[in-house]
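See structure below.
In our numbering, the protein residues as written are 344 to 468.
Following this line, the structure appears as structure tokens:
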């Protein structure tokens, strides 16, 4: 069920914005990755309704990046930001710290040598 989060409109009043439940978003994202032949796995299952989502991209050369979704205050849009980047154990440690703060966090791991994650495609922000 979509939840409503407040957002400021051009009139200065709060405008509700529908947000897809996390479990539905994760299922759709995994399906989209599968259709592109990009292997992905749920490493940690978060809250189905409102859990935040982290994406770990492992390039299978010992390097990885982790992305988290956040709001761009300048535009009011949801964007994917890099949480951690570098050696895979360091990225894993950053993800473990984030899970320590938020046990409702989803973690999706993608394994792709080319570094594809599809997060820049329409509908995934």
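We put the CB at the ideal spot given by N, CA and C, even for glycine.
Could you check which residue in the options has the C-alpha nearest to that of residue i?
i           : options               : result
residue 449 : 369, 362 and 363      : 369
residue 436 : 380, 466, 467 and 408 : 408
Quick check on the DSSP output: the beta strand (DSSP E) that includes residue i runs from which residue to which?
i           : result
residue 464 : No beta strand (DSSP E) contains residue 464, which DSSP labels as neither H nor E.
residue 386 : 383-387
Sorted by chain position, which residues of the same chain lie with C-beta nearer than 7 Å to residue i's C-beta, five sequence neighbours on each side aside?
i           : result
residue 391 : 364, 365 and 366
residue 413 : 422 and 424
residue 469 : The structure shown does not extend to residue 469, since the chain spans only 344 to 468, so no value can be given for it.
residue 430 : 405 and 406
For residue i, I'd like the list of residues in its chain whose CB is within less than 8 Å of its CB, leaving aside the five on either flank, ordered along the chain.
i           : result
residue 451 : 369, 372, 373, 383, 384, 385, 386, 396, 397, 398 and 399
residue 447 : 389, 390, 393, 394 and 395
residue 456 : 402, 403 and 404
How close, in whole Å, do the beta carbons of residue i and residue j come, if the pair is a contact with beta carbons under 8 Å?
i           : j           : result
residue 311 : residue 427 : Summary: the structure shown does not reach residue 311, with the chain confined to residues 344 through 468, and so no result is reported for it.
Which same chain residues, not among the five before or five after residue i, have their C-beta less than 6 Å away from its C-beta?
i           : result
residue 459 : 381
What are the uninterrupted segments assigned as beta strand (DSSP E) that are 3 or more residues long and contained completely in the segment 428-462, given in chain order?
449-454
List in chain order: all unbroken alpha helix (DSSP H) runs of 4+ residues lying wholly within the segment 365-429.
DSSP runs (the alpha helix (DSSP H)) wholly in the segment 365-429: 365-378.
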